[in-house]
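Below is one structure, written out as structure tokens, with a few remarks after it.
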């Protein structure tokens, strides 16, 4: 029988073949390039000494009676909620935190590790608004949250399903953690972030993880990394501390992240800001080690600088790069994994500002060597808005950052030299055996960045990047297939969510 179907040729055929063969998952990035250390070691020690002095002399508040009791019993100096921690005690505590750790996936072979040379990329966190696929800004819904969970699942460069991918404003606040955790567990098999907005909500998230992974399994095996924000300057509140206690008890990892507005919640100084935020983060890591020695604890921060003429947070500024580089140097000195935020922008639209702020910020992050990069996709309006289009455009950018961070492969040199010998001077390489074997993989070929001639672009409708991103979001969601989960577990997960929703009044905060 003769196949009479038309054959696809040219660029469209090559694109279809690449899409058919594309790996739906990338392992964590194993760094193949050197770190950029910003200052000499003796200057780094000055910042370290300033942080230690701050903790010893000024102290830091832990506004929770149970946490204060833990610090007092450990031997710290406690006055009310103010805790002063000696540098020897602090350094001994943080030394028990692992330099690297692994998060397991419910799909065998897809665990991811971070720390040392290994980096994971994760989606944006916490936006109450979305820029939707009609290019309209509106309140986020549960449907949006589910969509972003599916996009994170399908984006090869995302190593986690995420956390608060957006705030589902159509769900009452007391019920949101149930719906979000259910969505992350159902629509992706990647590790996730649990709720941290109260002890009970953290416990619910942990219980739901236990339904899927096994309650005994998650007592010691890490499947999540959740977020604990310090209230800068120098306050750890009860809400965050309760979440730390819940997750530490089951060896689930935590990010200790001062939420820093440089010049507002820190001194108006790059090195002064780093000295303060480092002290805050280290105090959080030390507290988790008091709760459970050896539990995975990630040092780091989220930083925006403040426009002093308006008070508005800024992204992609040189000082943010400097802060990330200094925090990275300190993390390597402390032998701790560390986090920061990646594709951040204060732009309101998917425009040139959004692109260059995100790329500038993320390039500095890569040079600094962060191990956990939060908010790499979709981030607009200084974390107030999550964009479908930008999520897709950023996803492609993160695949390029992944390749950049992987470094170069020196094994390619000898075959390339054979190709040079194959042609005459002044000839080209397009028909060589080496090019034919390597043209699809030698250089990154983006799908969402248009490189065609002006005439072709004009004839195709003058489509801009934002429109291409929206089209890709629609295409991606149309191709989504739910990852397999045991039907009994899925049923139990849904029953737990529904039962808890029925017992929690909607009016609670």
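In this note's numbering, the protein residues as written are 324 to 832.
Every residue, glycine too, gets a C-beta built ideally from N, C-alpha and C.
Please read all numbers here as calculations on a predicted model, not as lab measurements.
**Study point:** Separation of residue 417 from residue 424, as counted between CA atoms
**Key:** Spanning the two alpha carbons is a distance of roughly 15 angstroms.
Check your understanding: Between the Cα of residue 628 and the Cα atoms of 613, 439, 474 and 590, which residue gives the shortest distance?
Key -> If we check each option's Cα against that of residue 628, 590 comes out closest.
Exercise for review: Could you spell out the range, first to last residue, of the alpha helix (DSSP H) harbouring residue 625?
Suggested key: Here residue 625 belongs to no alpha helix (DSSP H); instead the beta strand (DSSP E) covers 625-629.
Check your understanding: Mapping DSSP to helix, strand and coil, what is residue 462?
Key -> Residue 462 falls in the strand class under three-state DSSP.
Review point. Among 810, 515 and 654, which has the Cα closest to the Cα of residue 370?
Key: In this structure, 654 is the residue among 810, 515 and 654 with its C-alpha nearest to the C-alpha of residue 370.
**Study point:** contact_flag[the region 396-409, the region 367-384] where n(CB pairs < 8 angstroms) is 3 or more
**Key:** Contact between the region 396-409 and the region 367-384 is present, with at least three C-beta pairs closer than 8 angstroms.
Practice item. Can you tell me which of 429, 706 and 464 puts its alpha carbon nearest to the alpha carbon of residue 664? Key: Comparing alpha-carbon positions, the option among 429, 706 and 464 lying closest to residue 664 turns out to be 706.
Practice item. Indicate whether at least one CB of chain C lies closer than 8 angstroms to the CB of residue 440. Key: No chain C appears in this structure, which consists of one protein chain only.
Review point. CB-CB under 6 angstroms to residue 400, same chain, minus the five flanking residues each way: which ones, in chain order?
Key: Excluding five sequence positions before and after residue 400, the CB atoms of its chain that fall closer than 6 angstroms to its own CB belong to 407, given in chain order.
Point to revise | Under the three-state DSSP convention, the category residue 758 falls into | key: Residue state, collapsed to three classes: helix.
Review point. What alpha helix (DSSP H) runs, 4 residues minimum, are completely inside the region 471-538?
Key: Listed in chain order, the alpha helix (DSSP H) elements of length 4 or more contained wholly in the region 471-538 are 496-510 and 522-536.
Review point. Taking just the CA atoms, how far does residue 502 sit from residue 472?
Key: Their backbone Cα atoms lie some 12 angstroms apart in a straight line.
Practice item. Would you mind sorting residue 556 into buried or exposed? The rule is 16 or more other CB atoms within 10 Å of its CB. Key: By the neighbour-count rule (16 or more Cβ atoms within 10 Å), residue 556 is buried.
Exercise for review: Could you spell out the range, first to last residue, of the alpha helix (DSSP H) harbouring residue 792?
Suggested key: According to the DSSP assignment, residue 792 belongs to the alpha helix (DSSP H) that extends over 788-802.
Exercise for review: Identify whether residue 552 lies in helix, strand or coil by the three-state DSSP scheme.
Suggested key: In the structure shown, the three-state DSSP call for residue 552 is strand.
Review point. Is it buried or exposed for residue 467, if we count other Cβ within 10 angstroms and need 16 for buried?
Key: Buried, by the Cβ-count rule.
Review point. By Cβ distance, which residues of its chain are closer than 7 angstroms to residue 724, with the 5 residues on each side in sequence left out?
Key: The residues are 685 and 689.
Review point. Leaving out five residues before and five after residue 570 in sequence, what residues of the same chain have Cβ atoms less than 6 angstroms from its Cβ?
Key: Correct list, in chain order: 549 and 577.
Review point. By DSSP, does residue 670 sit in helix, in strand, or in coil?
Key: DSSP, read as helix, strand or coil, puts residue 670 in coil.
Point to revise | Test item: CB-CB of residue 507 and residue 484 under 8 angstroms | key: Against a cut-off of 8 angstroms, the Cβ pair of residue 484 and residue 507 comes out as a contact.
Exercise for review: Check whether the Cβ atoms of residue 603 and residue 383 lie closer than 8 angstroms to each other.
Suggested key: Less than 8 angstroms separates the beta-carbon of residue 603 from that of residue 383.
Practice item. Could you tell me the distance, in whole angstroms, from the CA atom of residue 505 to the CA atom of residue 511? Key: Here the alpha carbons of residue 511 and residue 505 stand approximately 10 angstroms from one another.
Review point. Quick one: any contact between the region 703-717 and the region 784-797, if contact means 3 or more CB pairs under 8 angstroms?
Key: Touching, yes.
Review point. Alpha helix (DSSP H) containing residue 594: first to last residue?
Key: Note, residue 594: alpha helix (DSSP H), 593-614.
Check your understanding: Since residue 525 and residue 560 are thought to touch, with beta carbons under 8 angstroms apart, how far apart are those beta carbons, to the nearest angstrom?
Key -> At roughly 14 angstroms, the Cβ-Cβ gap does not stay under 8 angstroms, so residue 525 and residue 560 are not in contact.
Check your understanding: Hey, out of 584, 717, 738 and 756, whose CA is closest to residue 770's CA?
Key -> The shortest Cα separation from residue 770 among 584, 717, 738 and 756 belongs to 717.
Point to revise | residue 579: first and last residue of the uninterrupted beta strand (DSSP E) it sits in | key: Secondary structure note for residue 579: its beta strand (DSSP E) is the uninterrupted segment 576-585.
**Study point:** Residue range of the unbroken beta strand (DSSP E) whose run includes residue 695
**Key:** Residue 695 -> beta strand (DSSP E) spans 695-697.
**Study point:** Alpha-carbon to alpha-carbon, residue 647 and residue 587
**Key:** If you take the alpha carbons of residue 587 and residue 647, they lie about 18 angstroms apart.
Review point. How is residue 780 classed by DSSP in three states: helix, strand or coil?
Key: The answer is helix: DSSP assigns residue 780 an H, G or I state.
Check your understanding: Going by the C-beta, is residue 707 closer than 7 angstroms to any heavy atom of the ligand MN?
Key -> Absence of the ligand MN from the depicted structure is noted, as is the absence of any ligand whatsoever, leaving it without description.
Exercise for review: Below 7 angstroms CB to CB, which residues in the same chain sit around residue 768 once its five sequence neighbours on both sides are set aside?
Suggested key: Within the same chain, no residue comes within 7 angstroms of residue 768 by CB-CB distance, once the 5 residues on both sides are set aside.
Point to revise | Beta-carbon gap between residue 691 and residue 488 smaller than 8 angstroms | key: Residue 691 places its beta carbon 8 angstroms or farther from that of residue 488.
Review point. If you run the structure through DSSP and keep just helix, strand and coil, what is residue 408?
Key: The three-state reading of DSSP puts residue 408 in coil, since its state is none of H, G, I, E or B.
Practice item. On a CA-only basis, which of 778, 357 and 536 is nearest residue 546? Give me that one, please. Key: Considering only 778, 357 and 536, the residue with the shortest C-alpha distance to residue 546 is 536.
Review point. Which full runs of the alpha helix (DSSP H) of 4+ residues lie inside the region 633-712, going along the chain?
Key: Runs of the alpha helix (DSSP H) inside the region 633-712: 641-657 and 675-691.
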